[in-house]
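Residue numbering for the sequence shown follows our numbering, beginning at 171 and increasing consecutively.
Worksheet for the structure shown next.
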Amino acid sequence: MAHLGGSIKRISSKASSSLCRRTLATEVPIPPSGPRLSTSIILNRSPLLTPKPDSFVSSYNAYQYKLSRALSTPFPQHFYFNKGSTLQQRFHNEEIDRDHKSFGAGFGKGARLRLPPESYDKPLPRESEADRTGDVKSLDRNGDRNLYLVVKNGAWKLPQAVAAPGDALHVAARKQLLQQCGEGMDTWIVGRQPVGFFEDEEKIFFFKAHIFAGQVAKDASSMEDFAWLTKQEIANRVDEKYWSGIKDMLLDV
171 MAHLGGSIKR ISSKASSSLC RRTLATEVPI PPSGPRLSTS IILNRSPLLT PKPDSFVSSY
231 NAYQYKLSRA LSTPFPQHFY FNKGSTLQQR FHNEEIDRDH KSFGAGFGKG ARLRLPPESY
291 DKPLPRESEA DRTGDVKSLD RNGDRNLYLV VKNGAWKLPQ AVAAPGDALH VAARKQLLQQ
351 CGEGMDTWIV GRQPVGFFED EEKIFFFKAH IFAGQVAKDA SSMEDFAWLT KQEIANRVDE
411 KYWSGIKDML LDV
């Protein structure tokens with residue numbers, strides 16, 4: 171019985187060793203690597219001017235203005251302005267202009283009654299020098315629209331780079347913006363979560379950001395060109411498939 175037990179142990183040991191060798195020798199195929207993770211910045215310059223109202227809004231505002239002028243109590247100008255002061259003259263002239271706008275020109279003595287005009291500062295025009303010259307690199311263009319930074323590296327895209335291993339996505343987005351566009355911009359990335367996702371050859375996570383001051387570095391070696399464009403202008407420059415993936419992340423106005 172002892173001899174039989176020893177034989178069984180030797181057979182079991184040989185079988186276990188053979189099985190171990192076969193298991194270790196088995197080749198496991200390496201799964202194909204997936205798309206790379208990339209981050210992209212939707213860098214936005216918010217409107218500087220109040221947008222122009224459309225025809226319906228203009229008509230509604232004009233009606234409400236005339237109605238309020240007709241029903242409102244006259245402004246007690248003698249309480250707020252010294253008699254004969256410059257401010258009183260300015261208010262008087264502006265009040266006549268407002269009455270003409272609401273009710274038309276007066277008649278008789280009232281049509282001739284007007285104090286000498288006073289010079290004062292006027293607002294700057296809505297159209298900037300960049301609008302007149304077509305400078306797409308200027309942040310002063312299209313003051314009543316949202317502008318977005320796009321860069322050219324072979325093709326026009328939003329600023330984009332591959333995320334480094336170990337970096338959080340929002341940290342990688344900040345790093346790639348500094349590396350690609352320089353450190354001459356004062357920007358703020360809105361939150362740590364991406365606002366959009368697009369997958370093509372890469373998995374791209376998009377982060378919203380705002381620019382407060384500064385400009386893209388003119389001598390940045392990581393890009394061929396850059397531009398500040400509206401949503402409609404971006405559609406004319408980027409690839410059609412890329413545009414279908416980002417258009418809903420951009421504002422129409």
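No residue lacks a Cβ here, since even glycine has one placed at the ideal position from N, Cα and C.
Per DSSP, which residues does residue i bridge with? Please list them.
i: Glu369; result: Lys373
i: Gln330; result: Ser210
i: Met419; result: In DSSP, Met419 forms no bridge with anything.
i: Lys378; result: Ile212
i: Gly384; result: Met355
If you draw a straight line from the C-alpha of residue i to the C-alpha of residue j, how long is it?
i: Cys392; j: Gln330; result: A small correction: the amino acid at residue 392 is Ser; Cys does not occupy that position in the sequence shown. Their Cα atoms are separated by approximately 11 Å.
i: Pro295; j: Asp301; result: 11 Å
i: Lys345; j: Asn316; result: 24 Å
i: Glu297; j: Ser414; result: 31 Å
i: Glu403; j: Ala397; result: 10 Å
i: Val408; j: Pro335; result: 28 Å
For residue i, which residues from the same chain have a beta carbon less than 6 Å from its beta carbon, with the 5 sequence-adjacent residues on both sides left out?
i: Lys378; result: Ile212, Val360, Val365
Please state whether the Cβ-Cβ distance between residue i and residue j is less than 8 Å.
i: Lys434; j: Glu394; result: With the chain represented from 171 up to 423, any question about residue 434 goes unanswered, as that position is not in the structure.
i: Lys411; j: Asp370; result: yes
i: Leu241; j: Val306; result: no
i: Arg215; j: Leu309; result: yes
i: Leu427; j: Tyr318; result: Residue 427 lies beyond the stretch modelled for the chain, which goes from 171 to 423, so this question has no answer here.
CB-CB under 8 Å to residue i, same chain, minus the five flanking residues each way: which ones, in chain order?
i: Phe251; result: Leu257, Gln258, Phe261
By the three-class DSSP mapping on this structure, what secondary structure does residue i have?
i: Phe396; result: strand
i: Lys307; result: coil
i: Asp267; result: helix
i: Val408; result: coil
i: Asp356; result: strand
i: Leu294; result: coil
i: Leu237; result: helix
i: Asn316; result: coil
Near residue i, what residues of its chain come up, given a Cβ to Cβ distance below 7 Å and the 5 sequence neighbours on each side ignored?
i: Gly313; result: Pro217, Leu218, Leu219, Arg296, Ser298
i: Glu384; result: Before going on, a small fix: residue 384 reads as Gly here, not Glu. Same-chain partners within the cutoff: Gly354, Met355, Asp356.
i: Gly387; result: Residue 387 is actually Ala in this sequence, not Gly. Cys351, Gly352, Gly354.
i: Val423; result: Pro221, Arg315, Asn316
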